[in-house]
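Here the structure comes first, spelled out in structure tokens, and everything after it is commentary.
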Amino acid sequence: MTLQHWAFSFKGRIGRRDFWAGFALCFVLFCGLYTVNQHYSLPAVLVGIISLAILYPLCAIFTKRLHDRNKRGAWLLLLLLAVMLGLTDTSSLEPFWQWAIGRFLPSFIMMIMLLDCGVFIGTQGENYFGATTEKVDYSSFC
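Under the working numbering, think of the first position of the sequence shown as 1429, with each following residue one higher.
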């Protein structure tokens, strides 16, 4: 599998090592973006565009890892739910529900997704989403 297919395609399967490599790369890019933003106060539109450019490969990597676990990429929508719950205004609720909806549920959903994709072994052999996981050739882009 080429580096381009690994980062930008939603088809195929990848193993845990390649998933963690992609997750770490996107995490470092996000940290770099927000560090630069803290020092130079980039325009919000630019930060949003760069964030979306980093999110696309992250979604592709998560989807391919879910495929290796023999699950549809639609399971990735759970992360969207976690983000939306985290952004919900819970100030009108009682303190317990503020904590449960605003902090616990988003953290729990993200933890479960990371465990599912990053720790558990994928399907051995062929599954609904294709043949066995392919090794990523990190030296070739095309």
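C-beta: ideal position from N, C-alpha, C; glycine also.
For residue 1443, the closest alpha carbon among the candidates 1471, 1460 and 1489 is that of 1489.
Secondary structure of residue 1555 (DSSP, three-state): strand. Bounds of the alpha helix (DSSP H) holding residue 1534 are 1533-1546.
The Cβ-Cβ distance between residue 1514 and residue 1534 falls below 7 Å. For residue 1439, the number of other beta carbons within 10 angstroms of its own is below 16, and it is reported as exposed. In the three-state DSSP reduction, residue 1560 falls in the coil class, being neither helix nor strand. Ranked by Cα distance from residue 1557, the first of 1498, 1506 and 1447 is 1498.
Separation of residue 1469 and residue 1541 (C-alpha to C-alpha, rounded to the nearest whole angstrom) is 32 Å. Residue nearest to residue 1561 within the set 1536, 1445 and 1432 is 1445 (criterion: CA-CA distance). Between residue 1496 and residue 1441, the gap from beta carbon to beta carbon is short of 7 Å.
Of the residues 1487, 1523 and 1466, the one whose Cα lies closest to the Cα of residue 1500 is 1487. Residue pairing from DSSP places residue 1565 in a beta bridge opposite 1430. Approximately 7 Å separates the beta-carbon atoms of residue 1518 and residue 1525; this is inside 8 Å, confirming the contact.
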